[in-house]
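Written below as structure tokens is the structure these notes are about.
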Amino acid sequence: MTETTTVHAGTHAGTHAAAHHTAPTTRWRKALRFVAHLVEMVVVMVLGMMLLAPAWDWAGAAVGIEALLARPDVGAVVMVLDMVAAMTVWMRVRRHGWPAIWEMNAAMAAPFAVLLVLFWAGATSAGDMMLWGHVLMVPAMAGAMLLRPAEYTEHVHGFDLDWLRERWPVLIGLLLLVGTLAGAGAGGGVPTWLVFAMALVYPVVGMLRNSIRGRSMVLLQAVGLAVFAGISVLAAVLVGQDTGAYVLAVGLVGHGVWDVFHHRANAVVWRWYAETCVVYDVLLAGAVLASTLGS
29 MTETTTVHAG
39 THAGTHAAAH
49 HTAPTTRWRK
59 ALRFVAHLVE
69 MVVVMVLGMM
79 LLAPAWDWAG
89 AAVGIEALLA
99 RPDVGAVVMV
109 LDMVAAMTVW
119 MRVRRHGWPA
129 IWEMNAAMAA
139 PFAVLLVLFW
149 AGATSAGDMM
159 LWGHVLMVPA
169 MAGAMLLRPA
179 EYTEHVHGFD
189 LDWLRERWPV
199 LIGLLLLVGT
209 LAGAGAGGGV
219 PTWLVFAMAL
229 VYPVVGMLRN
239 SIRGRSMVLL
249 QAVGLAVFAG
259 ISVLAAVLVG
269 QDTGAYVLAV
279 GLVGHGVWDV
289 FHHRANAVVW
299 RWYAETCVVY
309 DVLLAGAVLA
319 STLGS
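Under our numbering, the residue at position 18 of the sequence shown is numbered 46, and the numbers go up by one with no gaps.
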């Protein structure tokens, strides 16, 4: 009896010692994974900033907003957008959930949001804004990761290349945007009829595909076409004025919302077309606004 008790006691002591020995190793591995993820995020952030900067240089020259992009506050906003875009794509490919992606993007933007206010108030210089924006971004990103420690220390994410391959409509939208900006840079400007033309695609495609069913959908398409036609006419009447450009930008954003609705509902047009149109509409609206503000 005594021998059995001794054996059990020894086994328990050995198990306790083994657990005591392996626990620090597990914590160490989690810490290494956390740091590795943070380094990975910082590398993606820097690559996004470097790789997308030439696109802004070209777009600025095409639209004529080089002076606007040269402003330190605008440059900071553009840089954050580049890093957020790269981070969003990378984290989605790495199978992170959308809540974690939005938290990381918010953490990246937060330091510059505060520093921009200080810069506009004259409390900090452009150089300090850029310096401390980058310095503070890293601990802010680490803080976002600490909100979901298991996301960065336990999960094996891998790569979701299927999602990346399915984003080919985004590429088409970007190519169409490049063509439009090149035409605008050549002196043609963004045509005011563009909003109406894009809106007209929906009922035409819907009739060809027989995908407009029900009285409510017919009424919705008719109202949408009338609204976007009115925006195009108003923009044409005000062409050459800042107000006309703002109306055109509002119409493009509104059509982007129209695209999102149809994409989510998988209604009337092909989903790939709606996705392409969202990218094109929103980015073109941004270009129109930037060109107007920079002139």
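Positions of the beta carbon are idealized from the N, C-alpha and C atoms, including for glycine.
Between residue i and residue j, how many whole angstroms is the CB-CB distance? I'm expecting something under 8 Å.
i, j, result
"M77", "M107", "6 Å"
"L312", "V198", "The pair is not a contact, with the Cβ atoms about 14 Å apart (cut-off 8 Å)."
"S239", "V296", "5 Å"
"P231", "L253", "6 Å"
Residue j and residue i - do their beta-carbons sit closer together than 7 Å?
i, j, result
"M226", "H283", "yes"
"T168", "A135", "Note that residue 168 is Ala in the sequence shown, not Thr. In this structure, A135 lies closer than 7 Å to A168 by Cβ."
"V223", "I200", "no"
"D101", "L144", "yes"
"V288", "V306", "yes"
"F147", "M157", "yes"
"L202", "A90", "no"
Using only the alpha-carbon positions, how far apart do residue i and residue j sit?
i, j, result
"L280", "A212", "16 Å"
"G42", "L174", "With a pLDDT of only 47 at G42, under the threshold of 50, the placement of this residue in the model should not be trusted; the figure read from the coordinates follows. If I take the Cα positions, the gap works out to 34 Å."
"R123", "A59", "20 Å"
"T220", "R241", "30 Å"
"A318", "G103", "13 Å"
"R193", "Y301", "16 Å"
"G125", "M73", "18 Å"
"L321", "G161", "25 Å"
Around the C-beta of residue i, are 16 or more other C-beta atoms found within 10 angstroms, so that it is buried, or is it exposed?
i, result
"H291", "buried"
"V316", "buried"
"M235", "exposed"
"G88", "buried"
"G186", "exposed"
"G171", "exposed"
"W86", "exposed"
"Q269", "exposed"
"T304", "buried"
"W118", "buried"
"P127", "exposed"
"S139", "The sequence shown places Pro at residue 139, not Ser. The residue is buried, with at least 16 neighbouring Cβ atoms inside 10 Å."
Please confirm whether any heavy atom of the ligand HEM lies closer than 6 Å to the CB of residue i.
i, result
"G186", "Ligands in the displayed structure: none, and consequently the ligand HEM is not present."
Taking residue i as part of the alpha helix (DSSP H), name the residues at either end of that continuous run.
i, result
"V117", "100-121"
"E303", "299-322"
"S153", "Run containing S153: none; DSSP gives neither H nor E here."
"T220", "Careful: T220 lies outside any alpha helix (DSSP H) and carries neither H nor E."
"L189", "189-193"
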